[in-house]
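What follows is a single structure, written as structure tokens, with notes after it.
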């Protein structure tokens, strides 16, 4: 069949009357059907035409049917004749072997993400280079309402435990959730408070997770370094950093570090303690009231505590006042020495877990805390050591910038007063220093030598270090840099390596050219 368009424009009484029709010629009878579109200055209606014989003028027939109601069914030709199914159309030989487009790595990573968005950590940033991982999140209190119950004074502050949760979740995602042994965090520094607003567009949080550096050329296969930052009005603030790793639990001792006898412990009112916390500025809401039982030494001699919790919050903060409520002072954490968590032993969240804690004073007002979290059947779930807390003051919120390094108080043994009678002090410090190093850099003679240099430079910031060697090995230099003694802000005046040549001469070369943080005369 063939189709054709016909149209006519008439000018009547000053109005345009446009009539258009579509003619359809039937091959069998030679008749034509006409469907008209009739307007009188504007679109009015579609009316069907009548059958006309071939050769007649179509416009006159269009006008005859202009006043009839449209019958849409009549627009469809349904004769049922002349139709057949074609079976032999040629097929196209599709080739599915080759990729017919080029997709960038960023697009592929984004399209194939394995993990959903986390409330705190956010979503993984696509296309990060090497073994490094990045996460980004816009934190809104409307989505994490429980954080609103964590206040210092009347200000909502991001909890320190939330930074640890972000690091652990990032490690889980880096290992594809295949962690069933022990997770260890150490040397975690809580640098700046993150103040949150109840209303607003939220705060941008980012976390970076990358292999820890052992030297300028090598990285660890076990330890990861994380750093959590916020960005507000193009100002980047570092809030927390530290090391995290998956460790083997075979050689780890799960025996309790504490031995509190129930006979010497006295139960305290949890309401009294939480009221005292609020008076000292630690205003915890119901979401952080997880302690259901607190016990302290009846004789007020031990600065430790026992508690039962719903597996959300620790009770180590209770022990710092030796169980005396009116002596309690509000303190906030600034550093975590070590934290071990056993994911494979997680208990039911509805059960009550036991907490045992102790603390000791260091310096003027700082306190070091240690504690354990145990399941109802006595299994070790988590253990923390050397958690440093400092007194909380309201001005801490206004001035959250990093303190000047020579205004910090850091206590270490004085190497000039050590004798054979108190040599155990040096041994203890060297062991502690060695344990703070990454696993690949600990346990050798160079680590203990670096620990001794750490004591020397701590006592004298103007020390001039001379290394005598038979070769040009830089092991000691790299160890000093990795320990934070050397680098851009070194803790000594100069470091020189002298090589004894075969002819007996000495070749001296200055090393570690950073600037000393101490003034030199």
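In the numbering used here, the protein residues as written are 274 to 794.
Virtual Cβ for every residue (Gly too), placed ideally from N, Cα, C.
- Going by beta carbons, residue 665 and residue 604 fall inside the 8 Å limit.
- Counting only the Cα atoms, residue 367 lies some 55 Å from residue 513.
- For residue 395, the secondary structure class from DSSP, reduced to helix, strand or coil, is strand.
- Per the coordinates, the alpha-carbon of residue 463 lies some 13 Å from the alpha-carbon of residue 430.
- Between residue 629 and residue 422, the CB-CB gap reaches or exceeds 8 Å.
- Cβ-Cβ distances below 8 Å link residue 390 to 396, 410 in the same chain, with the five nearest sequence neighbours on each side left out; the list follows chain order.
- Looking at 663, 725, 539, 530, the one whose alpha-carbon comes closest to that of residue 646 is 530.
- Considering only 478, 370, 460, 363, the residue with the shortest C-alpha distance to residue 392 is 478.
- Between residue 703 and residue 691, the gap from beta carbon to beta carbon reaches 8 Å or more.
- Taking one beta carbon from each stretch, the region 434–452 and the region 492–507 have 3 or more pairs nearer than 8 Å; the two touch.
- Counting only the Cα atoms, residue 780 lies some 46 Å from residue 480.
- If you draw a straight line from the Cα of residue 526 to the Cα of residue 448, it is about 25 Å long.
- Residue 773 is classed as exposed because its beta carbon has fewer than 16 other beta carbons within 10 Å across all chains shown.
- In this structure, the CA atom of residue 730 is about 50 Å from the CA atom of residue 381.
- Leaving aside the five residues that flank residue 432 on each side, the residues in its chain whose CB is nearer than 6 Å to its CB run, in chain order, 423.
- Bridge partners of residue 520 according to DSSP: 455.
- In the DSSP assignment, the residues bridged to residue 780 are 772.
- Shown here, residue 741 sits in a strand according to DSSP, grouped into three states.
- Short of 8 Å from the beta carbon of residue 655, and not among the five residues preceding or following it, lie these beta carbons of its own chain, in chain order: 612, 613, 614, 615, 645, 646.
- Along the region 479–559, the alpha helix (DSSP H) occurs as fully enclosed runs of 4 or more residues at 543–552, listed in sequence order.
- Under the DSSP definition of a beta bridge, residue 462 partners with 514, 608.
- Counting along the chain, the unbroken beta strand (DSSP E) around residue 429 starts and ends at 428–430.
- In the three-state reduction of the DSSP assignment, residue 616 falls in the helix class.
- Only exposed fits residue 545, as fewer than 16 other CB atoms lie within 10 angstroms of its CB.
- DSSP places residue 698 in the uninterrupted alpha helix (DSSP H) bounded by 696–708.
- The beta-carbon distance between residue 519 and residue 461, rounded to whole angstroms, is 16 Å. This is too long to meet the 8 Å contact definition.
- Assignment of residue 765 by DSSP, reduced to helix, strand and coil, places it in the coil class.
- Its chain contains 719, 723 as the residues whose beta carbon lies nearer than 6 Å to that of residue 752, once the 5 sequence neighbours on both sides are disregarded; these appear in chain order.
- Residue state for residue 735 is assigned as coil, using DSSP reduced to three classes.
- One Cα belongs to residue 786, the other to residue 370, and the distance between them is close to 57 Å.
- The Cβ neighbour count for residue 768, taken over all protein chains shown within 10 Å, is at least 16; the residue is labelled buried.
- Per DSSP, the beta bridge partners of residue 407 are 481.
- With a 10 Å radius around the Cβ and a threshold of 16 neighbouring Cβ atoms, residue 359 comes out exposed.
- The DSSP-derived three-state label of residue 443 is helix.
- Boundaries for residue 748: no beta strand (DSSP E) harbours it, while the alpha helix (DSSP H) harbouring it runs 748–755, taken from the DSSP string.
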